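In our numbering, the protein residues as written are 1 to 142.
No residue lacks a Cβ here, since even glycine has one placed at the ideal position from N, Cα and C.
Being a predicted model, the structure only gives us computed values, none of them experimental.
Comments concern the structure below.
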């Protein structure tokens with residue numbers, strides 16, 4: 001028996017969210033999208049996903065149209081699952097008319113899963129957290 005309300009909820013949720021493993025797989029496949037780090041300059045300098053652009057949430061309304069062509073899919077992230085900054089950024093992009101998804105887990109899980117990170121000083125090399133990193137493949141087999 002299908003629970004149509006639950007199915008509708010999760011279908012909608014999946015259309016507006018993604019995760020680090022899927023974002024990395026999309027990067028590797030050459031998918032066209034803008035990965036946007038919405039944190040502060042200090043956080044960006046400390047470390048960010050390779051391939052991301054820096055656009056703090058409070059600057060999205062003023063800068064997004066000049067830096068990300070309309071029609072470009074956008075994936076946003078903030079610090080972690082304990083932060084709603086990514087949701088605020090996704091809302092700001094949606095209000096500007098962008099097709100936007102939130103990278104659940106944020107930068108924390110990007111780094112913990114072992115995906116490429118760079119800082120203001122260059123590449124950051126660290127071991128993946130074995131409790132969250134993919135075991136055999138870079139994409140989730142969920």
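Where do the N-terminal and C-terminal ends of the beta strand (DSSP E) with residue i fall, by residue?
i: residue 45; result: Segment 41 to 46 is the alpha helix (DSSP H) holding residue 45; no beta strand (DSSP E) there.
i: residue 34; result: 34 to 37
i: residue 131; result: Run containing residue 131: none; DSSP gives neither H nor E here.
i: residue 55; result: Counting along the chain, residue 55 falls outside any beta strand (DSSP E), and DSSP gives it neither H nor E.
i: residue 100; result: 100 to 103
Locate the alpha helix (DSSP H) running through residue i, then write down its first and last residues.
i: residue 109; result: 106 to 112
i: residue 65; result: 60 to 67
i: residue 85; result: 85 to 95
Nearest CA to the CA of residue i: which residue from the options?
i: residue 36; options: 118, 108 and 86; result: 86
i: residue 151; options: 40, 122 and 99; result: Nothing about residue 151 can be read from this structure; the chain reaches only from 1 to 142.
i: residue 40; options: 54, 62 and 90; result: 54
i: residue 111; options: 13, 7 and 20; result: 20
i: residue 42; options: 10, 56, 63 and 31; result: 56
i: residue 93; options: 132, 62 and 80; result: 62
i: residue 60; options: 83, 72 and 91; result: 91
Determine which residues share a DSSP beta bridge with residue i and list them.
i: residue 77; result: 37
i: residue 122; result: 119
i: residue 49; result: 117
Cβ pair count under 8 Å reaching 3, the segment 61 to 81 against the segment 92 to 112: yes
Touching by the beta-carbon criterion (3+ pairs, under 8 Å), the segment 118 to 127 and the segment 43 to 63: yes
Inside the segment 7 to 35 only - alpha helix (DSSP H) runs reaching at least 4 residues: 20 to 28
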